[in-house]
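Enquirer: Okay, handing you the structure first.
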Amino acid sequence: MLETIAVTNDTLRAEAQKLFDGGWRLVTYTATKCPPSVEGGDSYIDLLFHFDKDLELRHLRMSVPEKGTVTSLSPIYLAAVLIENELRDLFGLTFEGLVLDYSGTLYLEGDVNRAPFCSFTTVRKEKG
Amino acid sequence: MQQNDENRTPRTVIPFGPQHPVLPEPLHLKLVVEDETVVEAVPALGYVHRGLEGLSSIRDFNQMVFVVERVCGICSCIHAVTYCHCLEKMMNIEVPERAKFLRVIWGELHRAHSHLLWLGLFADSFGFESLFMAFWKVRERIMDINEATAGNRVIVSVNVVGGVRRDLTPQQCRWISNELNIAEGEIRALMSTMLNDYTVRERTVGKGVLSAETALKLGAVGPTLRGSGVAQDARQLGYDAFPSLDFEPVTAPDGDSYSRAKVRFLETLQSLELVRQAISRMPQGELAAKVRGNPEGEVTDRTEQPRGEVFYYVKGDGTKYLPRVRIRTPTFSNIMPLLAMLPGCQLADVPVIALSIDPCISCTER
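Sequence order for the protein chains is A and B. The numbering of the first sequence is numbering that gives the first Met the number 0, which starts it at 0 and goes up by one. The numbering of the second sequence is numbering that gives the first Met the number 0, which starts it at 0 and goes up by one.
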């Protein structure tokens, strides 16, 4: 198993800010759809955040419900913009505070309302 | 066209790509320009997304080697090496020493032909057709080596989980060394033109400047990062046979398109030298270790592709299928730095600057 630091939506940005201030580079995020951990429970998204400094890796980990919302790291790491938009398209996650939001159209067409890596369907809100 | 206020030049949005003469692959940039000066750029992707990561749920872990090779043709060998590293770590497989050297040989040949391809395209981007043809002529020698040793010019498919599937005979090793000596002479003959020619310098020096600080903040990797003076290269991690070879990252200090071109030019020569070293220091032995059981657990691995660091995360659940294969390719990391290079440049310089990160969009979208 990877050595990871557990974070929540409340602690994610503070933890990322510490890494940014320490000179850590954002490598990428990894999302994995996981089956329910207990019988009768809900499946969830296992979200990993990978950082590098001097060729050493550090990983943050959080669990997110399907169709869940995650605090965006893009105000700290601008490099997170494309990563978070990609995860929105492929896994249906929403990132709160994303500085450049493609609203699910980075890879997908505007009329697609299904996250390809997950078997659930997202519902788009009409603007206006 | 919109007029923001009375004192400002009107702003126009100009689409650059997805089809453009200098772009081998479909990248779309929306350029906001004031007169001829770019003030902002917004990327649009999604033209070649193939969902290759998702195939891990329907292809077993051995078949996935062939899938990851097709993430990108031009760095296919190094994709396969990185994926195999993950499986080998997860399944505690000790790769034979000879296989580690063979992986370096084919990997560095890939880097050399990728850089030569790019150097040609880069020359073409500012209209230097004869330089384009000269680089591609040299590249043919490397492609011939790939074909003679692996049966294919681009996707060599030599890697398997546990090692490699092909060997090099002593005669092939001598022939490769000889071919690389000739190629090196031909590349050195182009050095003066590539690095000192008036046209090249006029079109590249001071264009698309990226400081070391901004490059690190925006997550730049590979020659894009090293062209800003940062000596970071995943080969310093010491994977495969690199601890047995003389390797130091190539850097250039200025952070402009010229610096990035210079790094790739010098790295091409360095790759030829690494192949010759690997051939001369390669031990005898087995080509691959036996693979038993199915992968379980989660690992990450990084290697250096021609465009920079590639990152793999692989998760196994004890079956022959992998619940997750995550691939972060170097161009994906270099798009945000590209957006930082463009503001302030002239519209005519956009093709040169865009090409200076060596964008590979099929890699980026997978």
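Virtual Cβ for every residue (Gly too), placed ideally from N, Cα, C. Keep in mind the model is a prediction, meaning the values are calculated, not measured.
Just checking: is the beta-carbon of residue 24 of chain A within a distance shorter than 8 Å of some beta-carbon in chain B?
Expert: Cβ-Cβ to chain B under 8 Å: yes for residue 24 of chain A.
Enquirer: Mind checking if residue 11 of chain A is an interface residue toward chain B, Cβ cutoff 8 Å exclusive?
Expert: No, because no Cβ of chain B sits closer than 8 Å to the Cβ of residue 11 of chain A.
Enquirer: Could you work out which residue in B:195, B:249 and B:102 is closest to residue 232 of chain B when comparing CA atoms only?
Expert: Of the candidates B:195, B:249 and B:102, the one whose C-alpha sits nearest the C-alpha of residue 232 of chain B is B:249.
Enquirer: Does the Cβ of residue 357 of chain B have 16 or more other Cβ atoms within 10 Å, making it buried, or fewer, making it exposed?
Expert: That one is buried.
Enquirer: Spatial neighbours of residue 82 of chain A within its chain, please: CB distance less than 6 Å, with the 5 preceding and 5 following residues excluded, ordered by chain position.
Expert: Excluding positions up to five away in sequence, the list reads 27 and 28.
Enquirer: Going by DSSP, what residue range makes up the alpha helix (DSSP H) through residue 14 of chain B?
Expert: Unbroken run through residue 14 of chain B is the beta strand (DSSP E), 10-15; no alpha helix (DSSP H).
Enquirer: Identify the continuous alpha helix (DSSP H) that holds residue 168 of chain B and give its terminal residues.
Expert: First-last for residue 168 of chain B: undefined, no H or E at that position.
Enquirer: Using the C-alpha atoms, what's the distance from residue 69 of chain B back to residue 363 of chain B?
Expert: Approximately 12 Å, taken between the alpha carbons.
Enquirer: If you measure between the beta carbons of residue 101 of chain A and residue 65 of chain A, is that distance less than 8 Å?
Expert: The answer is no: Cβ separation not under 8 Å.
Enquirer: Quick one: which chain B residues come within Cβ less than 7 Å of residue 132 of chain A?
Expert: Nothing about residue 132 of chain A can be reported from this structure: the residues present for chain A run from 0 to 127 only.
Enquirer: Please name the residues in the stretch 32-60 of chain B whose beta-carbon is closer than 7 Å to at least one beta-carbon of chain A, in chain order.
Expert: So the close ones are 44, 45, 48, 50 and 53.
Enquirer: Cβ atoms of residue 24 of chain B and residue 38 of chain B: under 8 Å apart, would you say?
Expert: No, Cβ-Cβ distance for residue 38 of chain B and residue 24 of chain B is not below 8 Å.
Enquirer: Count the other C-beta atoms from every protein chain shown that fall within 10 angstroms of the C-beta of residue 327 of chain B, then say buried if there are 16 or more, exposed otherwise.
Expert: Buried, because 16 or more other Cβ atoms sit within 10 Å of the Cβ of residue 327 of chain B.
Enquirer: Verify whether the separation of the beta carbon atoms of residue 141 of chain B and residue 115 of chain B is less than 8 Å.
Expert: Yes, the Cβ-Cβ distance between residue 141 of chain B and residue 115 of chain B is below 8 Å.
Enquirer: Would you list, in chain order, the members of the stretch 296-312 of chain B that have their beta-carbon closer than 7 Å to a beta-carbon of chain A?
Expert: Within the stretch 296-312 of chain B, the qualifying residues are 296, 297, 299, 310 and 312.
Enquirer: Counting only runs of 4+ residues fully inside the stretch 297-343 of chain B, write out the alpha helix (DSSP H) ranges in chain order.
Expert: 329-340, all fully within the stretch 297-343 of chain B.
Enquirer: Excluding the five sequence neighbours on either side, which residues of its own chain have a C-beta within less than 7 Å of the C-beta of residue 64 of chain B, listed in chain order?
Expert: For residue 64 of chain B, where only same-chain residues beyond five positions count, the Cβ hits under 7 Å are 79, 82, 83, 158, 159 and 160.
Enquirer: I need the boundaries of the alpha helix (DSSP H) containing residue 64 of chain B, first residue and last residue.
Expert: From DSSP, the alpha helix (DSSP H) with residue 64 of chain B extends over 63-68.
Enquirer: In the stretch 319-337 of chain B, which residues sit with their C-beta less than 8 Å from some C-beta in chain A, listed in chain order?
Expert: So the close ones are 322, 323, 325, 327, 331, 332, 334 and 335.
Enquirer: Quick one: using the 10 Å Cβ neighbour count with 16 as the cut-off for buried, is residue 197 of chain B buried or exposed?
Expert: Exposed, because fewer than 16 other Cβ atoms sit within 10 Å of the Cβ of residue 197 of chain B.
Enquirer: Kindly give me the distance between the Cβ atoms of residue 298 of chain B and residue 89 of chain B, rounded to whole angstroms, as I take these residues to be in contact under 8 Å.
Expert: Contact holds; Cβ gap of about 5 Å.
Enquirer: At the level of alpha carbons, what is the spacing between residue 7 of chain A and residue 217 of chain B?
Expert: Spanning the two alpha carbons is a distance of roughly 24 Å.
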